[in-house]
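Numbering (my numbering), first residue to last: -1 to 383. Think of the CB as a built atom: it goes at the ideal place given N, C-alpha and C, for glycine as much as any other residue. Please read all numbers here as calculations on a predicted model, not as lab measurements.
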Ligand SMILES: Cc1ncc(COP(=O)(O)O)c(C=O)c1O
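In structure tokens form, the structure reads like this:
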């Protein structure tokens, strides 16, 4: 009897992964890998981190789901915990399950709050694959088969202060940007660019959305990447790492946006369920308890320096990009094969943009792991075929 198959939408690594613990995963043959792919960054707190798993299991045995119509103790607790890591300005949150849903909510809330339609996004952005978020995602391959997308989205050049001033106007509902673009190639926003976006959105009374689904929650060396810049958004989207590996996302908004929403304006079945809320509380506990952002910053510095030293030893003129543990090496050509071949040396990584090999390791990688990454990379770069 033939079984059903997964629709073929992803390049395959040729591995069957059966187990994970912290920074490592194992295949069905017992081979161990250092995971610098982490499901596009989602396993930043490690795989099956016991400090995340144990509270989740406890909650699973207590109450798995309850809609927003009912109050819940786990939800009360996560709101308290979030107030420790969100700026005061972002005083409303709404939970969903995936990053793209958080972006959908951010776009819908912006239109409702401003009663305007225009959205400004940027080249090389990635905000998700559902029709609204896809409309703000730049890559033509992701967009073309699904047109017409939602109207009113305009793309500016990432890091162009000039575009910030020219494109954002009095019709703009919101500007959406990743402070560090992940899928688009690990592109770090310049301080001038984010400042210009903030200035111009204030001038035009439009909203500034920072999409930190990939770069948020400690990965870049601050709890939120925007904290490197001293610029606060009106709306923040977060996902991936915020549940410590459990699927949960949220949108956080300023008072004006939160209060513009009425009963029935938006909704979701699984968002804000007690298990997801428990996962976020547990993840925040790890984030703060282990000084995760500081660890990411320091380990990111070490890795960056070692990458640069290796590349210069091998006389390879490749740029190393990123912040904290959100790093990329620009191969100046498609590095898809390299991303997959790296597994032969016990390390998993993932492509970003057209030319970048991306490393998104969990925060607990140690100096031995860093040496492992370096020796794997050296073997990869000096391999003959
Ligand atoms: C910045 C950003 N926003 C949104 C998304 C969409 O998240 P999800 O795949 O959970 O829907 C991603 C996913 O990679 C992302 O990197």
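The closest CA to that of residue 221, considering only 55, 286 and 157, is found on 286. The straight-line gap separating the alpha-carbon atoms of residue 240 and residue 82 is approximately 14 Å. Per the coordinates, the alpha-carbon of residue 311 lies some 18 Å from the alpha-carbon of residue 299.
Contact between residue 229 and residue 107 does not hold, since their C-beta atoms are separated by about 20 Å, which reaches or exceeds 8 Å.
A straight-line Cα-Cα distance of about 6 Å links residue 281 and residue 50.
The closest heavy atom of ligand 1 lies 8 Å or more from the beta carbon of residue 118. If you check the CB distance, residue 123 and residue 112 do not come in under 9 Å. In this structure residue 88 is buried. Its beta-carbon is surrounded by 16 or more other beta-carbon atoms within 10 angstroms. The residue among 379, 121 and 128 with its C-alpha nearest the C-alpha of residue 157 is 121. The stretch 289 to 309 makes no contact with the stretch 173 to 180: fewer than 3 CB pairs, one atom from each, lie closer than 8 Å. Counted as a single uninterrupted DSSP element, the stretch harbouring residue 9 is not any alpha helix (DSSP H), since DSSP gives it neither H nor E. Within the stretch 212 to 272, complete beta strand (DSSP E) segments of at least 3 residues are found at 233 to 236 and 247 to 252, given in chain order. Residue 202 sits in a helix when the DSSP states are folded into three classes. Residue 97 carries a helical assignment under DSSP once its states are collapsed to helix, strand and coil. Between the C-alpha atoms of residue 48 and residue 279 there is a straight-line separation of about 14 Å. Counting the other CB atoms within 10 Å of its CB gives residue 109 a total of 16 or more, which places it among the buried residues. Counted as a single uninterrupted DSSP element, the stretch harbouring residue 302 is not any beta strand (DSSP E) but the alpha helix (DSSP H) occupying residues 290 to 311.
Remark: the C-beta of residue 38 is in contact range of ligand 1, defined as less than 8 Å to any heavy atom. In terms of Cβ geometry, residue 33 and residue 245 do not form a close pair [threshold 9 Å]. For residue 255, the closest alpha carbon among the candidates 316, 171 and 337 is that of 171.
For the set 126, 283 and 294, the Cα lying nearest the Cα of residue 236 is the one of 126. Classified as buried, residue 231 has 16 or more neighbouring CB atoms from the shown chains inside 10 Å of its CB. Residues whose Cβ lies closer than 6 Å to any heavy atom of ligand 1, listed in chain order: 38, 96, 97, 98, 101, 124, 125, 126, 176, 180, 181, 209, 211, 212 and 237. For the pair residue 18 and residue 41, the CB atoms are nearer than the 9 Å cut-off.
In this structure, residue 304 sits away from residue 343, with a CB-CB distance that is not shorter than 9 Å. Assignment of residue 191 by DSSP, reduced to helix, strand and coil, places it in the helix class.
In its chain, beyond the 5 residues on either side, 190, 191 and 194 have a beta carbon closer than 7 Å to the beta carbon of residue 159.
Put simply, the backbone Cα of residue 24 is about 22 Å away from that of residue 55. Residue 363 holds the alpha-carbon nearest to the alpha-carbon of residue 293 among 226, 44, 372 and 363. Secondary structure within the stretch 95 to 177: the beta strand (DSSP E) runs of 3 or more consecutive residues, fully enclosed, are 116 to 120, 151 to 154 and 170 to 175 (chain order).
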